[in-house]
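Final position of the sequence shown in the working numbering is 187; the numbers increase by one with none missing.
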Amino acid sequence: MGDFYTEQLVKKKTDGKDIAMKILLIVLTVISFFIAFLVPLLILVPILFVVADVFLFRRMDVEYEYIYINGDLDIDKVMHKERRKHMLSVNVKDMELLAPEGAFQLQSYKTGKIYDYSSGITSAPNRYVLVFTRAGETAKILIEPNSDLVEGFFLMAPRKVIRK
């Protein structure tokens, strides 16, 4: 009866790297069509480029899903609303701190691997950093939780959560 469950989807913003990759793929596809007109034996090359374009464009359409159930946070990467890949699971017991990005409490956690599972907008108002320790190593996760998700962490570990 006292279970806490919440889920949230965060759409990843298309960044400059993704736009450059899309432009490069389109240019290569157009060039392959011109080459196929000059050398008819290479007619399969444009078809392969079109298939690669479709496949890679779908992989660049990304959303992150946060599922929080009684102290366990699961983060999944959803590509083109079709494929799901489990990225990370964190328990509140492993959590060191959950604080808004830029909070002074995060200054003591400068080292460690950083995982970005946010929208990619650095000026987003609700970006948080979740610091956790696993197997003796400290890591940081950039997420954009809603107030329900932050409240769920606060209910399980109030001393480890800094709310806005």
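Built from N, CA and C at the ideal position, the CB exists for glycine as well.
Would you grab the beta carbon distance between residue 115 and residue 176 for me? Rounded to a whole angstrom, and I think it's under 8 angstroms.
Correct: roughly 7 angstroms between the Cβ atoms.
Measure how close the beta-carbons of residue 144 and residue 89 come, nearest whole angstrom, since I'm counting them as under 8 angstroms.
Contact doesn't hold; Cβ gap of about 16 angstroms is too wide.
In the structure shown, what three-state DSSP assignment does residue 50 receive?
Helix, per DSSP.
Give me, in chain order, the residues of the same chain whose beta-carbon lies closer than 8 angstroms to that of residue 131; leave out the 5 immediate sequence neighbours on both sides.
Same-chain partners within the cutoff: there are none.
In this structure, how does DSSP classify residue 186 when only helix, strand and coil are distinguished?
Three-state DSSP puts residue 186 in coil, outside helix and strand.
What whole-angstrom Cβ distance do residue 146 and residue 33 have, given they're in contact under 8 angstroms?
At roughly 15 angstroms, the Cβ-Cβ gap does not stay under 8 angstroms, so residue 146 and residue 33 are not in contact.
Any contact between the stretch 50-62 and the stretch 100-116? By contact I mean 3 or more CB pairs, one from each, below 8 angstroms.
The stretch 50-62 is not in contact with the stretch 100-116.
Is the CB-CB distance between residue 158 and residue 135 below 7 angstroms?
No.
In angstroms, rounded to a whole number, what distance separates the CA positions of residue 55 and residue 37?
So the alpha carbons of these two residues sit roughly 26 angstroms apart.
Could you tell me which of 155, 149, 83 and 66 sits nearest to residue 170, measuring between CA atoms?
It is 149 whose Cα lies nearest to the Cα of residue 170.
Rounded to the nearest angstrom, what separates residue 122 and residue 184 at their Cα positions?
Cα to Cα, residue 122 sits roughly 6 angstroms from residue 184.
Report buried or exposed for residue 168, applying the criterion of at least 16 other Cβ atoms within 10 angstroms of its Cβ.
Result: buried.
How about residue 41 and residue 83: are their beta carbons less than 7 angstroms apart?
Yes, they are a contact pair.
Return the CA-CA distance between residue 70 and residue 30, expressed in angstroms with no decimal places.
Their Cα atoms are separated by approximately 40 angstroms.
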